[in-house]
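Structure record follows, encoded as structure tokens.
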Amino acid sequence: MKLVDSHCHLDDPKFDGDREETIARARTAGVATMMAIGTGQGPPDLEAGLRLAGQHPFIYATVGVHPHDAAKAMPDTWERLAALAGDPKVLAIGEIGLDYHYDFSPREVQRSAFSRQLEIAAGAAKPIVIHTREAWADTLAILREGWRGGGIMHCFTGDEAQAAEALKIGFHLSFGGVLTFPKADAVRRAAAMTPPDRLLVETDCPYLAPAPHRGKRNEPAFVVETVRRLAEVRGQSPDEVAEQTTENFHRLCLPSGALNR
Ligand SMILES: [Zn+2]
Ligand SMILES: [Zn+2]
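For the sequence shown, the numbering used here begins at 846 and goes up steadily by one.
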């Protein structure tokens, strides 16, 4: 089984003690490719993902300002981000979007940072990775208005109706550990109705570990558990889900290059 973890925070301090071992365990488990989300601790550092991508051929990166950190953006942040967006190891802009649950940055500032980064992604002709929490209507409105490219709804935890809306604007749905949680029936129904060519899997590690690791630090190797559950929910084999999600990642994020295995 060859897998892609399409969303991991490998730069997180929780991996400081065993980052290389964690990466090695992922490879042993079949995780051939990892996309290191580059939002890190927020501006001024924009290279949290790229630093890791520079150390391993099979790790790729995103760059972006997380909605939590929108208020930390400085006058030069967008210019620097636009320059980094052109790096060949940067496969997407993200995670960007809106988080009205925590409201760590004022909503106006979040919306303006989001729109600004859609322009940067369009300029770089790269897809986007969306983080949205308790902000579905605004997120969708901004995307409908200002985005014509590809994208990923990361850690999709919506229901069937929201899945249908995201699919309609051309998005991929990326499922993570939540899919394995006992109460997540609505998410599983959404996963069951997602067309095979729009599915992705992720860990969002170190957060949201899937069962049976729930409550522990998450790591890319655990994406295998999500693939197993996704396969059950969809009536497919884990190998089929692994192959399909790898192909989807390749088509969306690496349309012109060979996936480095
Ligand atoms: Zn997120
Ligand atoms: Zn994340």
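Beta carbons are placed, not taken as given, at the ideal position from N, Cα and C, and that holds for glycine.
- Residue state for residue 846 is assigned as coil, using DSSP reduced to three classes.
- By the CB criterion at 9 Å, residue 936 and residue 880 fall inside the cutoff.
- A direct Cα-to-Cα measurement between residue 923 and residue 979 gives close to 26 Å.
- Per DSSP, reduced to three states, the secondary structure at residue 1020 is strand.
- In this chain, the beta strand (DSSP E) harbouring residue 940 covers 935-944.
- DSSP places residue 977 in the uninterrupted beta strand (DSSP E) bounded by 973-978.
- Within the DSSP secondary-structure output, residue 905 pairs in a beta bridge with 880.
- By the neighbour-count definition (other C-beta atoms within 10 Å, threshold 16), residue 997 is a buried residue.
- Selection 887, 933 and 946 evaluated against residue 917 yields 887 as nearest (Cα-Cα).
- Around residue 857, the same chain offers 1051 as residues with beta carbons nearer than 6 Å, after the five sequence neighbours per side are excluded.
- Proximity of the beta carbon of residue 999 to ligand 2 is indicated: a heavy atom of the ligand is located closer than 8 Å.
- Restricting attention to 1072, 987 and 929, the CA atom closest to the CA of residue 953 is found in 987.
- Rounded to whole angstroms, the separation of the alpha carbons of residue 1046 and residue 878 is 12 Å.
- Rounded to whole angstroms, residue 969 and residue 961 show a C-alpha spacing of 13 Å.
- With at least 16 other beta carbons inside 10 angstroms of its own, residue 950 counts as buried.
- Between the region 1072-1083 and the region 1024-1033, the count of C-beta pairs closer than 8 Å reaches three or more; the two stretches touch.
- In chain order, 846 place their CB closer than 7 Å to the CB of residue 1084, counting only its own chain and leaving out the 5 sequence neighbours on each side.
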